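Going by this note's numbering, the sequence shown opens with residue 4, and the numbers climb by one from there.
The beta carbon of each residue, even a glycine, is placed where N, CA and C say it ideally should be.
The model shown is predicted, which means the values in this text are computed figures rather than measured ones.
To start, the structure itself, in structure tokens.
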Amino acid sequence: MSYVPLVTRDDLTPEGQERWDAEIERSGAEPTNMKRALLNHLPSYDALMHWYPLYAEIERFIGDRGAIVFSYAISSTNECLLCTTYFRRDLVERGEDINAGDLTPDEEDIAAFGRALARHDPSDAALVRRLIDRYGNEAVTALVGFGILMIGNNIVNSFLGVELDPGLRELADRLEAQAQAERAEKATAQ
4 MSYVPLVTRD
14 DLTPEGQERW
24 DAEIERSGAE
34 PTNMKRALLN
44 HLPSYDALMH
54 WYPLYAEIER
64 FIGDRGAIVF
74 SYAISSTNEC
84 LLCTTYFRRD
94 LVERGEDINA
104 GDLTPDEEDI
114 AAFGRALARH
124 DPSDAALVRR
134 LIDRYGNEAV
144 TALVGFGILM
154 IGNNIVNSFL
164 GVELDPGLRE
174 LADRLEAQAQ
184 AERAEKATAQ
């Protein structure tokens, strides 16, 4: 259960209601649980909503799937169930599964960079050099900038105890049941 209220439009000031309405305009849906938690403090909401333009930038450099892989790597390393499930859903809806080991070498590097950012571990200079050689200075800088906001979103969800949205809860439950079945099958085979 969330530590802060997941506000409704009626709970908000007129300025907050503008943010609510803008989110509906942008996404075609009411704000997610994370956004409803962030709307308790409009400057925090505004800061973290810069995630969207930065996500568009990294997509421009590393593609749609690369952006999902990068975001998933950061979120899973941060152990943010909400964001990990969100990006896993994006892959499942595409008929893909990041846990199946089907990453390209470029995606492996992008995922490794995301995990390093999440751990605050800049020690792999060869990885950074490969990414700069492949994508350029601007792209790698954009990856770091976006990664900071992704980590921020992970922290918001974890520290405020933001609960999964209903659609994400269903997927998380299904994935957990699937993982348990696979573990049981492996145990039986041994």
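Exercise for review: Please classify N43: does DSSP put it in a helix, a strand, or coil?
Suggested key: In the sequence shown, counting from the first residue as 1, residue 43 sits at position 40. Note: N43 maps to coil in three-state DSSP.
Review point. Of the choices D127, A190, P169, D14, whose alpha-carbon is the least far from that of R92?
Key: By one-based count along the sequence shown, residue 92 stands at place 89. Here the closest residue by C-alpha is P169.
Exercise for review: Label S74 either buried or exposed according to how many other C-beta atoms from any shown protein chain fall within 10 Å of its C-beta, with 16 as the threshold for buried.
Suggested key: The sequence position of residue 74 within the sequence shown is 71, counting from 1. That one is buried.
Review point. Of all Cβ atoms in chain C, is any one closer than 8 Å to the Cβ of E28?
Key: Although the question refers to chain C, the structure presented lacks it and comprises just one protein chain.
Exercise for review: Measure the CB-CB distance between Y58 and A70 and report whether it falls below 8 Å.
Suggested key: Stepping through the sequence shown from its first residue, residue 58 is reached at position 55. Stepping through the sequence shown from its first residue, residue 70 is reached at position 67. Result yes, Cβ atoms of Y58 and A70 sit closer than 8 Å.
Exercise for review: From the DSSP output, in three-state form, read off V159 for me.
Suggested key: Numbered from its first residue, the sequence shown carries residue 159 at position 156. It is helical.
Review point. Is V72 buried or exposed, if buried means 16 or more other CB atoms sit within 10 Å of its CB?
Key: Position 69 of the sequence shown, counting from 1, holds the residue named residue 72. V72 should be labelled buried.
**Study point:** Through-space distance from N43 to D49, alpha-carbon basis
**Key:** Taking the sequence shown and counting its residues from 1, one reaches residue 49 at position 46. Taking the sequence shown and counting its residues from 1, one reaches residue 43 at position 40. D49 and N43: Cα-Cα distance of roughly 11 Å.
Check your understanding: Secondary structure at Y213, three-state DSSP: helix, strand or coil?
Key -> In the structure displayed, the chain extends from 4 to 193; residue 213 sits before or after that span and is not available.
Exercise for review: Below 8 Å CB to CB, which residues in the same chain sit around L134 once its five sequence neighbours on both sides are set aside?
Suggested key: Here residue 134 refers to the residue found at position 131 of the sequence shown. Excluding residues within five positions, the ones whose Cβ falls inside 8 Å are D112, I113, F116, A142, V143, L146.
Review point. If we ignore side chains and look at the alpha-carbon of each, how far apart do G139 and D105 end up?
Key: Indexing the sequence shown from 1 puts residue 139 at position 136. Indexing the sequence shown from 1 puts residue 105 at position 102. Answer to the nearest angstrom: the Cα atoms are 25 Å apart.
Check your understanding: Does DSSP classify P34 as helix, strand or coil?
Key -> Working through the sequence shown from its first residue, we reach residue 34 at position 31. If DSSP states are grouped into helix, strand and coil, P34 belongs with coil.
Review point. Is L120 closer than 8 Å to G148 when the C-beta atoms are compared?
Key: By 1-based counting over the sequence shown, the position of residue 148 is 145. By 1-based counting over the sequence shown, the position of residue 120 is 117. Against a cut-off of 8 Å, the Cβ pair of L120 and G148 comes out as no contact.
Check your understanding: Leaving out five residues before and five after S5 in sequence, what residues of the same chain have Cβ atoms less than 8 Å from its Cβ?
Key -> Start at 1 with the first residue of the sequence shown, and residue 5 comes out as number 2. Taken in chain order, the residues that qualify are N36, A40, L163, G164, V165, E166.
Practice item. Within its chain, find whatever has a CB closer than 8 Å to the CB of R122; leave out the 5 residues flanking it on each side and keep chain order. Key: If you number the sequence shown from 1, residue 122 lands on position 119. Counting only Cβ-Cβ distances below 8 Å, and skipping sequence neighbours, we find T80.
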